[in-house]
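Participant:
In the numbering used here, the protein residues as written are 124 to 348.
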């Protein structure tokens, strides 16, 4: 990854920090989230720097450790009483505002594509339209939670559509990575997320974005938003 400009790594690192900060606000400035997310980022950053994730021939892929732990944690929050209480106490306006980070994420992905670290299908020049979620997020935040003009149906619809856009790029990213089950982009596989600091995309940014949608949907359905 030495051929990728330092600016790209700095932009992405700032995006990760912004994601965590907005969720920190959504979690009512939770010191627990601050500590856990900090330790998780440092731990995964250190592991990535050792080259651990660049070995893609293991079964199951080591990459599972990156996404498996956050997904398990999200599942536990939804299936436990204390977890659901935690979700219902989150600030939905900040959960919505958090999605603005998808704009700089898409810019970083495009820069990585230019340096042949991700396939074009993972960018807005290909089949990734996730940037629309980031562009629309400030409007949903303002008109949905500041002005309270948008109704529950529109808010739910927006969240479900954005989840679909997110899943589209996530599935493409996984199937484009140089694993045994790779299906796409054999000419230019997705290798960026195997290296620091881009390892933080699957282990932090994507889980927080997905969780923010799911938490907001739950709040809307139980009339807490």
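Cβ atoms here follow ideal geometry from the backbone N, Cα and C, with glycine treated the same way.
1) Let me confirm a value: residue 210 is counted as buried when at least 16 other C-beta atoms fall within 10 Å, else exposed. Which label applies?
2) By the three-class DSSP mapping on this structure, what secondary structure does residue 273 have?
3) Please state if the CB of residue 253 and the CB of residue 288 are separated by a distance shorter than 7 Å.
4) When burial is assigned at 16 or more other CB atoms within 10 Å of the CB, is residue 262 buried or exposed?
5) Any contact of the stretch 153–166 with the stretch 284–303, i.e. 3+ C-beta pairs under 8 Å?
6) Once the 5 residues before and after residue 126 are set aside, which same chain residues still bring their CB inside 7 Å of it?
7) Taking the C-alpha atoms as reference points, what is the distance between residue 264 and residue 203?
8) For the stretch 134–198, list the alpha helix (DSSP H) runs that are entirely contained and at least 4 residues long, ordered along the chain.
9) Using only the alpha-carbon positions, how far apart do residue 271 and residue 232 sit?
10) Between which two residues does the alpha helix (DSSP H) harbouring residue 257 extend?
11) Starting from the Cα of residue 339, find the closest Cα among 318, 212 and 147 and give me that residue.
12) What do you reckon, are the CB atoms on residue 136 and residue 320 nearer than 7 Å?
Facilitator: Judging by the given coordinates:
1) buried
2) coil
3) yes
4) exposed
5) no
6) 238
7) 28 Å
8) 154–172
9) 33 Å
10) 254–263
11) 212
12) yes
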